[in-house]
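See structure below.
There are 2 protein chains.
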Amino acid sequence: MGEGLASQGIKSGSARQYPCSRCPLRPLEIFRKFEKSELEFISRFKRGELRVEKGATVLVEGNHSAHLFTVLFGLGFRYKLLTDGRRQILNYLLPGDLIGLQGSLMGEMQHSVEALSPMLLCVFEREHLPTLYRNHPGLAYDITWIASREEQMLDENLLSIGRRTALERAAYLIAFIRARAAKVEVGKVNAQLPITQQHVADTLGLSLVHTNKTLRKLIEKKLIVWRDGGCEVLDIDALMKVARWEGLQERLRPLV
Amino acid sequence: MGEGLASQGIKSGSARQYPCSRCPLRPLEIFRKFEKSELEFISRFKRGELRVEKGATVLVEGNHSAHLFTVLFGLGFRYKLLTDGRRQILNYLLPGDLIGLQGSLMGEMQHSVEALSPMLLCVFEREHLPTLYRNHPGLAYDITWIASREEQMLDENLLSIGRRTALERAAYLIAFIRARAAKVEVGKVNAQLPITQQHVADTLGLSLVHTNKTLRKLIEKKLIVWRDGGCEVLDIDALMKVARWEGLQERLRPLV
DNA sequence: CGTAGGATTGACCCGACTCAAGTTAAGTGG
DNA sequence: CCACTTAACTTGAGTCGGGTCAATCCTACG
Chain A
246 MGEGLASQGI KSGSARQYPC SRCPLRPLEI FRKFEKSELE FISRFKRGEL RVEKGATVLV
306 EGNHSAHLFT VLFGLGFRYK LLTDGRRQIL NYLLPGDLIG LQGSLMGEMQ HSVEALSPML
366 LCVFEREHLP TLYRNHPGLA YDITWIASRE EQMLDENLLS IGRRTALERA AYLIAFIRAR
426 AAKVEVGKVN AQLPITQQHV ADTLGLSLVH TNKTLRKLIE KKLIVWRDGG CEVLDIDALM
486 KVARWEGLQE RLRPLV
Chain B
246 MGEGLASQGI KSGSARQYPC SRCPLRPLEI FRKFEKSELE FISRFKRGEL RVEKGATVLV
306 EGNHSAHLFT VLFGLGFRYK LLTDGRRQIL NYLLPGDLIG LQGSLMGEMQ HSVEALSPML
366 LCVFEREHLP TLYRNHPGLA YDITWIASRE EQMLDENLLS IGRRTALERA AYLIAFIRAR
426 AAKVEVGKVN AQLPITQQHV ADTLGLSLVH TNKTLRKLIE KKLIVWRDGG CEVLDIDALM
486 KVARWEGLQE RLRPLV
């Protein structure tokens, strides 16, 4: 188990490596262009940056968090546990995704968040959220939009786990993450997804052993390879076909 | 398949049976009390009412909807289909729930909605949403809150389908709907949930036959009975124990 | 060179699926 | 009022996907 925020320093003020004005994500074409006033607000809203290592726990179910984060770099995942330890991974977190909105709105986190790779997070103060809603309806709208997008992804995952076969599920999951990653890849494309087969199993609702055998089929078909403790996609179109998945249809989205 | 909105009349103006001032839901103790100005805005935001029969399709995946709804009475569900017809029910819709927010924000519906009982819906105009965000930050916040709550329920469902056994899942589902219904039951408590075993199967990701055998076990244990084409809960605490579910923890919520 | 986390494999079993009949209850038309 | 239909619920038999157990293998790392 990780340690949560308390023990991890949040750099603020001048310690930032990425002031909003030089945000590495915002120039990407999937993100809608912001007004100057919006950027200014966001810039003030941002309290600092948080660097978390691979494997660290960013947020813990049951905790109250004073912060809200946006992923700048790296990959993480949200999950829930049953009392006896069974784990279900709910979704993955990529650059541009918001972390901890549920906790900010409702008080208590109902899920935990862990880093799959080193991550860099923008830190926002939860208390400023009402100010944002009061003074920047456009940004408020964006936040609802982002929450709604997360809901949509969960719908899709639910469909997958409930109604797809093991092979389809595996293909869907990998194609889905790959497709999302492709949209926010900053700099050189890092084709490698830093997940273990245990993560895949806990996402798909399968056992580790069966997950391994299922992934093996995808590997034999040369749709993916498993290398250096991670997954590389060789043929995303074929994966999508196996999964009967149409692909992401999103055009422009907000980045808070 | 139902017919969608086009063929169904939306009563507006004086045809309304429930002006917001006499909203049957708002007095319930789970809903937070609104300011007079908020109520006035909601009242203008409401365009009319829509009555749908049992079995009717309210919204169809892929469609653009000009409306947003709040459930006043009745029970419905959201679902998605795979191309070959496999269906996954994502969540159930009860009084006080918002329908079609995703479609309103992102343009196209990514899921369909069907009525399980006769339903009465408040109809809102999608175009007025930006006005709401501009003039009523508190309501905007509420809408985000509602979206976030839906996300939370989906997280819980995902955990259930991915990691609970068939018996646990069935117990969880029924306890969950029952618990939610208990909070919004207007007038006499109608203990009967108007769902078929096919709905349960499509929610749990199980086959109809196996669902039947699983429910049979709950019936034998006298936790539920299946009567008149619906489900009645006899012992919700026992159901929760079987499901290892802690129950709903929500206190006050907004009603838009 | 030893250890540990992850990936792999085989053997065996059980939960869940499909197929195939029923049964029950609520219409519907004659 | 009865024969016919249809939707939903049941039940049994046989099969198979996916689970558990138990090794084994790799490879990065101290």
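For the protein sequence lines, the chains are A and B, in the order given.
Be aware that the first sequence starts at 246, since it is given in the working numbering, and climbs by one per residue.
Be aware that the second sequence starts at 246, since it is given in the working numbering, and climbs by one per residue.
We put the beta carbon where it would ideally sit given N, CA and C, even for glycine.
If you're wondering where the values come from, they're calculated on a predicted model, not measured in any experiment.
Interface residues of chain B facing residue i [CB-CB closer than 9 angstroms]
| i | result |
| --- | --- |
| residue 444(A) | None at all; the shortest Cβ gap to chain B is about 13 angstroms. |
| residue 378(A) | 378, 382, 383, 385, 386 and 389 |
For residue j and residue i, the rounded distance between their alpha carbons
| i | j | result |
| --- | --- | --- |
| residue 365(A) | residue 417(B) | 37 angstroms |
| residue 481(A) | residue 468(A) | 7 angstroms |
| residue 461(B) | residue 474(B) | 14 angstroms |
| residue 465(B) | residue 299(B) | 29 angstroms |
| residue 250(B) | residue 310(B) | Low local confidence applies: a pLDDT of 44 at residue 250(B) is under 50, so the model's placement there is unreliable, with the coordinate-based value given in what follows. Rounded to the nearest angstrom, the two C-alpha atoms are 9 angstroms apart. |
| residue 386(A) | residue 270(B) | 26 angstroms |
| residue 463(B) | residue 338(B) | 24 angstroms |
| residue 486(B) | residue 328(A) | 12 angstroms |
| residue 502(B) | residue 472(A) | Residue 502(B) lies beyond the range of chain B shown here (246 to 501); nothing can be said about it. |
| residue 491(B) | residue 370(A) | 30 angstroms |
| residue 324(B) | residue 348(A) | 26 angstroms |
| residue 306(B) | residue 448(B) | 17 angstroms |
| residue 263(B) | residue 445(A) | 49 angstroms |
| residue 419(A) | residue 440(A) | 10 angstroms |
| residue 268(B) | residue 297(A) | 48 angstroms |
| residue 360(A) | residue 301(A) | 5 angstroms |
| residue 399(A) | residue 403(B) | 8 angstroms |
| residue 496(A) | residue 484(B) | 44 angstroms |
| residue 405(A) | residue 409(B) | 16 angstroms |
| residue 374(A) | residue 350(A) | 9 angstroms |
| residue 389(A) | residue 346(A) | 10 angstroms |
| residue 454(A) | residue 407(B) | 16 angstroms |
| residue 358(A) | residue 479(B) | 37 angstroms |
| residue 476(A) | residue 421(A) | 13 angstroms |
| residue 501(A) | residue 501(B) | 25 angstroms |
| residue 272(B) | residue 281(B) | 14 angstroms |
| residue 376(A) | residue 312(A) | 15 angstroms |
| residue 451(B) | residue 452(A) | 17 angstroms |
| residue 498(B) | residue 340(B) | 13 angstroms |
| residue 334(A) | residue 372(A) | 28 angstroms |
| residue 438(B) | residue 489(B) | 21 angstroms |
| residue 304(A) | residue 303(B) | 38 angstroms |
| residue 384(A) | residue 330(B) | 38 angstroms |
| residue 342(B) | residue 342(A) | 26 angstroms |
Same chain only: Cβ atoms within 6 angstroms of residue i, ignoring 5 sequence neighbours per side
| i | result |
| --- | --- |
| residue 459(A) | 411, 412 and 415 |
| residue 457(B) | 442 |
| residue 326(B) | 332 |
| residue 493(A) | 424 |
| residue 308(B) | 354 |
Beta-carbon neighbours of residue i, restricted to chain B and to distances below 8 angstroms
| i | result |
| --- | --- |
| residue 337(A) | Simply none; closest approach about 13 angstroms. |
| residue 356(A) | 400 |
| residue 333(A) | 403, 404, 407 and 408 |
Amino acids of chain A, ordered along the chain, whose beta-carbon sits closer than 7 angstroms to that of residue i
| i | result |
| --- | --- |
| residue 450(B) | 406, 407 and 408 |
| residue 350(B) | 389, 390 and 393 |
7 angstroms Cβ cut-off: residues of chain B touching residue i
| i | result |
| --- | --- |
| residue 396(A) | 347, 392, 395, 396 and 399 |
Where residue i meets chain A, residues with beta-carbon distance less than 8 angstroms
| i | result |
| --- | --- |
| residue 375(B) | 382 and 386 |
Residue i: contacting residues in chain A (beta-carbon distance under 9 angstroms)
| i | result |
| --- | --- |
| residue 489(B) | 327, 328 and 329 |
7 angstroms Cβ shell around residue i - same chain, five flanking residues per side excluded
| i | result |
| --- | --- |
| residue 265(A) | 284, 287, 288 and 291 |
| residue 367(A) | 291, 294, 314, 315 and 317 |
| residue 470(A) | 464, 477 and 479 |
Contacting residues, own chain, Cβ-Cβ under 8 angstroms from residue i (five flanking each side not counted)
| i | result |
| --- | --- |
| residue 363(A) | 296, 297, 298, 299, 318 and 319 |
| residue 336(B) | 322, 323, 395, 398, 399 and 402 |
Check: residue i C-beta below 7 angstroms from any heavy atom of the ligand HEM
| i | result |
| --- | --- |
| residue 317(A) | Within the structure as shown, the ligand HEM is missing, as the structure has no ligands at all. |
> Are at least three pairs of beta-carbons, each pair with one atom in the region 271-286 of chain B and one in the region 343-358 of chain B, less than 8 angstroms apart?
Replying inline: no
> Counting Cβ pairs, one atom from each stretch, are 3 or more of them under 8 angstroms apart for the region 386-400 of chain B and the region 429-448 of chain A?
Replying inline: no
> Touch check for the region 423-430 of chain B and the region 369-380 of chain B: three-plus C-beta pairs under 8 angstroms?
Replying inline: no
> Can you list the beta strand (DSSP E) stretches of 3 or more residues lying completely in the region 320-376 of chain B, in chain order?
Replying inline: 321-326, 332-338, 357-360 and 364-370
>> Could you tell me which whole alpha helix (DSSP H) segments of length 4 or greater appear in the region 429-500 of chain A?
In response: 442-449, 453-465 and 481-488
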